[in-house]
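Protein chains in written order, with our numbering: chain A, 1 to 113; chain B, 1 to 110.
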Amino acid sequence: NAGVTQTPKFQVLKTGQSMTLQCAQDMNHEYMSWYRQDPGMGLRLIHYSVGAGITDQGEVPNGYNVSRSTTEDFPLRLLSAAPSQTSVYFCASSLGTKNTEAFFGQGTRLTVV
Amino acid sequence: DAKTTQPPSMDCAEGRAANLPCNHSTISGNEYVYWYRQIHSQGPQYIIHGLKNNETNEMASLIITEDRKSSTLILPHATLRDTAVYYCIVRVRTGNQFYFGTGTSLTVIP
Numbered sequence: 001n002a003g004v005t006q007t008p009k010f011q012v013l014k015t016g017q018s019m020t021l022q023c024a025q026d027m028n029h030e031y032m033s034w035y036r037q038d039p040g041m042g043l044r045l046i047h048y049s050v051g052a053g054i055t056d057q058g059e060v061p062n063g064y065n066v067s068r069s070t071t072e073d074f075p076l077r078l079l080s081a082a083p084s085q086t087s088v089y090f091c092a093s094s095l096g097t098k099n100t101e102a103f104f105g106q107g108t109r110l111t112v113v
Numbered sequence: 001d002a003k004t005t006q007p008p009s010m011d012c013a014e015g016r017a018a019n020l021p022c023n024h025s026t027i028s029g030n031e032y033v034y035w036y037r038q039i040h041s042q043g044p045q046y047i048i049h050g051l052k053n054n055e056t057n058e059m060a061s062l063i064i065t066e067d068r069k070s071s072t073l074i075l076p077h078a079t080l081r082d083t084a085v086y087y088c089i090v091r092v093r094t095g096n097q098f099y100f101g102t103g104t105s106l107t108v109i110p
C-alpha cells in the first residue's frame, strides 16, 4: 500500500491563478480531510469528507473547494489563489465512523506570489 | 471538540523518559484523547489514543487522569529521532476531524 499520496510536493502560483491539489489513498478509507499548516502553527482543518459524494466545511474553508467522486480521491481546488493561501497542505484519511487513527500524506508546499 | 493546552517546548536527555503533559479540562464523555507527532515538516504521525483507561503501545504510553481533564504522553526511552512537535488532540468518537493546537516542541538532547 502506498498510503496517502499527495501531488505535487511543491507548487508556486501567481495571485489569481487556480489549481488543484491531488490526494489519493489506497486503503479504502471512508474519511478524508484537508488541512493547512502555516509557519509555527498547528494544522487547521479546511474541508473533510465522510464518504464518496459527501463533503463538509472545516475551520478555514474560504477560498477552497472539494469534491469526492470516488472513495480513493479527494482533490482540493484553489479557485483564485491569494498570498494568504501560502502554506503547507496535508491530506489525511481514516477508516470510518469507528474511532480510528488518521493517516497523513507528506504534504504539498504551496507558495502564492 | 474540546481545546487542549500544552507547554510550547520541552527538553529531554537521550535515554531518559519524556513526559509530555496536556490539559483538556473541557473534555466531554465521548471525546477521545489522541497524540500525534510531526517531525520536521513531514505529515503528522499517529502515536496513541485513549478514552479513559491508560494505554500502551510499542511507541509510547498514555496516562489519562481519573477526571479526564488532563493526560500525559510518556516516551519511555527518548532517542534523538523523537525530536518533534507533539500534538495532543481530543476528538469526538464518531467524527474523524482533528483539531490541532500548536503542540509541544520536544528536543532530545544527546
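Heads up, the beta-carbon is just placed ideally off N, CA and C, and yes, glycines get one too.
As the structure is a prediction and not an experimental result, all values here were calculated from the model.
Residue i at chain A interface by Cβ criterion, 8 Å
i	result
Tyr99 (chain B)	yes
Thr102 (chain B)	yes
Gly50 (chain B)	no
Ser71 (chain B)	no
Tyr87 (chain B)	yes
Ser28 (chain B)	no
Ser41 (chain B)	yes
Pro44 (chain B)	yes
Pair within 8 Å by beta-carbon distance, residue i and residue j
i	j	result
His29 (chain A)	Ser93 (chain A)	yes
Gly43 (chain B)	Gly42 (chain A)	no
Phe90 (chain A)	Gln11 (chain A)	no
Ala78 (chain B)	Glu14 (chain B)	yes
Val85 (chain B)	Arg16 (chain B)	no
Leu106 (chain B)	Cys22 (chain B)	no
Tyr31 (chain A)	Ser49 (chain A)	yes
Leu20 (chain B)	Leu73 (chain B)	yes
Met20 (chain A)	Arg77 (chain A)	Note on identity: in this sequence residue 20 (chain A) is Thr, with Met being the wrong assignment. The answer is yes: Cβ separation under 8 Å.
Chain-order list of residues whose beta-carbon lies under 6 Å from that of residue i (same chain, five-residue window excluded)
i	result
His49 (chain B)	Tyr32 and Tyr34
Gly16 (chain A)	Ser80
Asp82 (chain B)	Leu75 and Val108
Lys69 (chain B)	Ser25
Ile39 (chain B)	Ala84
Pro7 (chain B)	Thr104
Ser9 (chain B)	Ser105
Endpoints, beta strand (DSSP E) assigned at residue i
i	result
Asn19 (chain B)	Ala18 to Asn23
Leu21 (chain A)	Met19 to Gln25
Asp11 (chain B)	Ser9 to Ala13
Gly50 (chain B)	Gln45 to Gly50
Phe104 (chain A)	Ala102 to Phe104
Val114 (chain A)	Lying outside 1 to 113, the shown extent of chain A, residue 114 (chain A) is not represented and no answer is given.
Met32 (chain A)	Tyr31 to Gln37
Phe90 (chain A)	Ser87 to Ser94
Gly16 (chain A)	It is not in any beta strand (DSSP E) - Gly16 (chain A) carries neither H nor E in the DSSP assignment.
Any chain B beta carbon closer than 8 Å to residue i
i	result
Ala24 (chain A)	no
Ser33 (chain A)	yes
Met27 (chain A)	no
Gly51 (chain A)	no
Tyr64 (chain A)	no
Ala106 (chain A)	First, the amino acid is wrong: residue 106 (chain A) is Gln here, not Ala. Cβ-Cβ to chain B under 8 Å: yes for Gln106 (chain A).
Same chain, Cβ closer than 8 Å to residue i, neighbours up to 5 away in sequence not counted
i	result
Leu128 (chain A)	Residue 128 (chain A) is absent from the model: chain A starts at 1 and stops at 113.
Pro83 (chain A)	Thr15, Val112 and Val113
Beta-carbon proximity list for residue i, same chain, < 7 Å, skipping 5 on both sides
i	result
Thr5 (chain A)	Ala24 and Gly105
Tyr46 (chain B)	Tyr36
Lys52 (chain B)	Ile64 and Arg68
Integer Cβ distance of residue i from residue j, believed to fall under 8 Å
i	j	result
Ser41 (chain B)	Val113 (chain A)	Contact doesn't hold; Cβ gap of about 20 Å is too wide.
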